[in-house]
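My numbering puts the sequence shown at residues 102 to 398. First comes the structure, then the notes that go with it.
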Amino acid sequence: MSDIFPAKWAIGPPAPSWLSYIARILMAAVLILVSHWVFAYLGGVALDPVSDGKGGNDTGHLFNYHPILMTLGFGVFMSEAIITYQAPLVSGISRPARKLVHMTLHILAAISIIMGLLAAFKSHSLKLPVPIPDLYSPHSFLGLTAVTFVAVQVLVAFASYVYPKTSLSHRMALGPVHRFLGMSTWIMGVAAMATGIQEKVTFIQMGKALSGVDLYSNLVRIPAIILVLLPLLAMAVLYHQAPSAAASTSASEHYLKESLLENNGVGSAVLAVSSRDGTHARSNHGRRSVEQNEDNF
Numbered sequence: 102m103s104d105i106f107p108a109k110w111a112i113g114p115p116a117p118s119w120l121s122y123i124a125r126i127l128m129a130a131v132l133i134l135v136s137h138w139v140f141a142y143l144g145g146v147a148l149d150p151v152s153d154g155k156g157g158n159d160t161g162h163l164f165n166y167h168p169i170l171m172t173l174g175f176g177v178f179m180s181e182a183i184i185t186y187q188a189p190l191v192s193g194i195s196r197p198a199r200k201l202v203h204m205t206l207h208i209l210a211a212i213s214i215i216m217g218l219l220a221a222f223k224s225h226s227l228k229l230p231v232p233i234p235d236l237y238s239p240h241s242f243l244g245l246t247a248v249t250f251v252a253v254q255v256l257v258a259f260a261s262y263v264y265p266k267t268s269l270s271h272r273m274a275l276g277p278v279h280r281f282l283g284m285s286t287w288i289m290g291v292a293a294m295a296t297g298i299q300e301k302v303t304f305i306q307m308g309k310a311l312s313g314v315d316l317y318s319n320l321v322r323i324p325a326i327i328l329v330l331l332p333l334l335a336m337a338v339l340y341h342q343a344p345s346a347a348a349s350t351s352a353s354e355h356y357l358k359e360s361l362l363e364n365n366g367v368g369s370a371v372l373a374v375s376s377r378d379g380t381h382a383r384s385n386h387g388r389r390s391v392e393q394n395e396d397n398f
């Protein structure tokens, strides 16, 4: 069995740990601001359309679930899922625990995103006297692309890492791809959030004077700025360092030992690293442990 080590994509130098906490503050801030916008300026939320008494209705309150749920999905749950693996809220938690938190947050994100989509489509179809068309703007197609990628990521990750689980070599090879596509999907989602805010503001502008507080400009500027900063901070946390060759060797050794301990508590697996030529030699017991535990990784 050939030596297998995790691929490392990184930028340097290492990011300070406090960046992850700033990112979390921004997550909370964008959710609070979008929710305030919805409840203070857009009329709040409701599950049913409001009749206008003239054969028409207002489905805006139903639609208002859409920005809140999408912000919760992409801006909070998925954002935290991305950084929690590298910078968990509680330091020192085990690798299996980090994986469980990561998976749970992505499931919550997927649920929020699906409910947000349903709110948008339902508000369109229930509109009277004439239903509103679906998928009519760049925001719609950008968002739909992001949601499609979310679905693919969740299905592939579940099948590869949870059930039925692929081989160890396949899972380790998939890791960097899963990581890159996850970040790309999340950035698409954040971009869809930004274009969605702009689209909603444009609709508001069409019915109001183009000056003064009617534009809500100060309120929506802040989430727009946050949506630019949040990906930058998350990437700094995720791709946090550019290790030297020696550091990469040490990281690979630690990763292998941690993986073995996670699966069956085998602490006697030894990875001998030559300081002269950098070659790797696992002990026979360590090799057998890897081979025996491929399906449990």
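All C-beta atoms in this analysis are idealised placements derived from N, C-alpha and C, irrespective of residue type, glycine included. All of these numbers come straight from a predicted model, not from anything done at the bench.
How would you label residue i, buried or exposed, when you count the other beta carbons within 10 angstroms and need 16 or more for buried?
i, result
"M294", "buried"
"L148", "exposed"
"M179", "buried"
"V291", "buried"
Checking 8 Å against the spacing of the C-beta atoms, do residue i and residue j come in under that value?
i, j, result
"G161", "L143", "yes"
"M204", "F250", "no"
"I169", "V202", "no"
"H207", "V248", "no"
"S213", "L173", "yes"
"T185", "R196", "no"
"I327", "L190", "no"
"L218", "V177", "no"
"A124", "L269", "no"
"H240", "T303", "no"
"L275", "S261", "yes"
Below 7 Å CB to CB, which residues in the same chain sit around residue i once its five sequence neighbours on both sides are set aside?
i, result
"A221", "F164 and H167"
"S226", "P232"
"L311", "Interpretation of L311 is limited by its pLDDT of 43, a score under 50 that renders its predicted location unreliable; no figure is taken from the coordinates."
"V151", "N158, D159 and H162"
"S136", "I169"
Shorter than 7 Å, the distance from the beta carbon of residue i to the closest heavy atom of the ligand FMN, or not?
i, result
"A220", "No copy of the ligand FMN appears in this structure; indeed no ligand is present at all."
Which one or two residues does DSSP pair with residue i in a beta bridge?
i, result
"D159", "V151"
For residue i, tell me which candidate among the options has the shortest Cα-Cα distance.
i, options, result
"S224", "K155, L256, L334 and D159", "D159"
"W119", "S192, P234 and I305", "S192"
"A210", "F242, T296 and M171", "M171"
"S285", "F175, V146 and I305", "F175"
"E300", "P265, L243 and L134", "L243"
"L134", "I305, I298 and M307", "I298"
"V278", "P117, S136, V151 and V253", "V253"
Excluding the 5 residues flanking residue i on each side, which residues of the same chain have their C-beta closer than 8 Å to its C-beta?
i, result
"L245", "L236"
"E181", "R125, M128 and L206"
"G145", "V139, H162 and N165"
"P234", "H225"
"H271", "S261"
Closer than 6 Å by C-beta to residue i: which residues in its own chain qualify, once you throw out the five before and the five after it? Chain order, please.
i, result
"L229", "G157 and N158"
"M216", "L170"
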